[in-house]
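Residue numbers (this note's numbering): 20 to 500.
We treat Cβ as the ideally placed atom computed from N, Cα and C, and that holds for glycine.
Shown next, in structure tokens, is the structure this report addresses.
What follows is the structure in structure tokens.
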């Protein structure tokens, strides 16, 4: 009946182990070969240097994105409250159970599963935080097992609550009254939280100061004088919890508070997810979007289709784009028969260029193989946005010192500044201590609730060159004449 005995029995069962290994390999290679239709997946999933593991290990020193060690901490706290808070608490609970089981020399299959998913989540979080390339979609690799940890602990809590309720029934009328009181406490805490959010929304609205791109939201003098009212809802909540502790008992009160916390966090995640998916869309206000194609590209594709019909009556309009704009234009022009990538040598003879030329001027980006001139004889240029992403430096990069990056990519600042372990901890505390000030609370609240950014989006622009004789048609499309 012990965990050790179960492991011993498994090791003594070669048929069972072999069957499990074959099944695991079938799933592994089946998925990596697209159900065995692409046998190159066997190499790319294991030993190929341009495959999965070895490729990403090779990217470690490249540090594409130059994200700091705390990237997944600040990323997760913006969106995944359930997994972060309850998952962390669940890992701590599982760790305590593991220590007790080790001291007693016993364990259960449920504990083994709990340890597995806890290790899975913590290990991947640490590995991905260490890895040189960090991107927002990678958070799913440690959030999934974190939710499994939450599920394991939630299952134990619910089972314990049901068992406790059955053993503390008492009279039917008394049990019903206590149940209603517990639900009332839960509902009151949720309502107080909602009231706090509405009050914080009003007080943090503030007033805009500055001009141009330097406009900032500041707390008004009236709101600053009423800032103390934000403590009312938490204070009333603590009084309600204390009253419940006294009248309902600590266990029923704890269950009510836990239920209210889950409801509030779930509502926040629904709010954040709905805004991300349906309101922001391809506007990169969220760090989960990170870097995306701007709406200008899709709009340009539609306009050029109309231009071809208006000028020629069909799709004979010819288009060419350089290597710096090739992605995603290769995809957007996949159905255009006369759209292709331009060689740099063709720019020497403007008369042989296509009707439409798209690219990034060389002087705009010298870090890549951009070779377009700022202007082309016989063409009129229009500046558009190819990609954009959130102002990461103002959102999270200054949270702490990241000595593994260039000094300018974190709170380190300059190479001459101290950046030892103590300095890293001090930088973290400095960022957290900003929340003691109303201005810091305002910025964080407006970011999390309304995705209000502290600066404008960072853009990567390109130029659309249209042959001069086609510009009048293009203006008709743009201005609806």
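In the three-state reduction of the DSSP assignment, residue 317 falls in the helix class. Around the beta-carbon of residue 256, 16 or more other beta-carbon atoms lie within 10 Å, marking it buried. With contact defined as three or more Cβ pairs closer than 8 Å, the segment 406-424 and the segment 303-321 are in contact. Around the beta carbon of residue 241, fewer than 16 other beta carbons sit within 10 angstroms, so the residue counts as exposed.
Nearest to residue 476 by alpha-carbon distance, out of 357, 497, 308, is 308.
Within the model, the alpha-carbon separation for residue 110 versus residue 271 is close to 24 Å. Here residue 407 is bridged, per DSSP, to 311, 478. In the three-state scheme derived from DSSP, where H, G and I count as helix and E and B as strand, residue 390 is classed as coil. A check of alpha carbon separations from residue 249 across 274, 91, 456, 142 identifies 456 as the nearest.
Per the Cβ contact rule, the segment 91-102 is in contact with the segment 274-288 (3 or more Cβ pairs under 8 Å). Residue environment for residue 33: exposed (fewer than 16 other C-beta atoms within 10 angstroms of its C-beta). In the structure shown, residue 342 adopts coil according to DSSP, grouped into three states.
Annotation for residue 94: 155, 158, 306, 307, 415 place their beta carbon closer than 8 Å to its own, counting only its chain and skipping 5 residues before and after. Per DSSP, the unbroken beta strand (DSSP E) holding residue 359 starts and ends at 358-360. Annotated three-state conformation of residue 197 is helix, per DSSP. Nearest Cα to residue 225 within the set 218, 234, 238: 238. A check of alpha carbon separations from residue 208 across 470, 260, 375 identifies 260 as the nearest.
Taking every protein chain shown into account, the CB of residue 485 has 16 or more other CB atoms within 10 angstroms, so this residue is buried. Residue 133 sits in a helix when the DSSP states are folded into three classes. Taken through DSSP and simplified to helix, strand or coil, residue 89 comes out as coil. For residue 226, no alpha helix (DSSP H) encloses it; the enclosing beta strand (DSSP E) starts and ends at 226-228. Relative to residue 252, the option among 245, 223, 211 whose CA is nearest is 211. For residue 424, the closest alpha carbon among the candidates 49, 90, 66 is that of 90. In this structure, residue 392 places its C-beta atom within 8 Å of the C-beta atom of residue 366. The Cβ-Cβ distance between residue 263 and residue 204 falls below 8 Å. By the Cβ-count criterion, residue 223 is buried, with 16 or more other Cβ atoms from all chains shown falling within 10 Å of its own Cβ. According to DSSP, residue 433 shares a beta bridge with no other residue. Residue pairing from DSSP places residue 376 in a beta bridge opposite 339, 484. When DSSP assignments are scanned along the segment 263-310, no uninterrupted stretch of beta strand (DSSP E) that is 3 or more residues long falls wholly within it.
Judged by pairs of C-beta atoms under 8 Å, the segment 326-334 touches the segment 480-494, as three or more such pairs exist.
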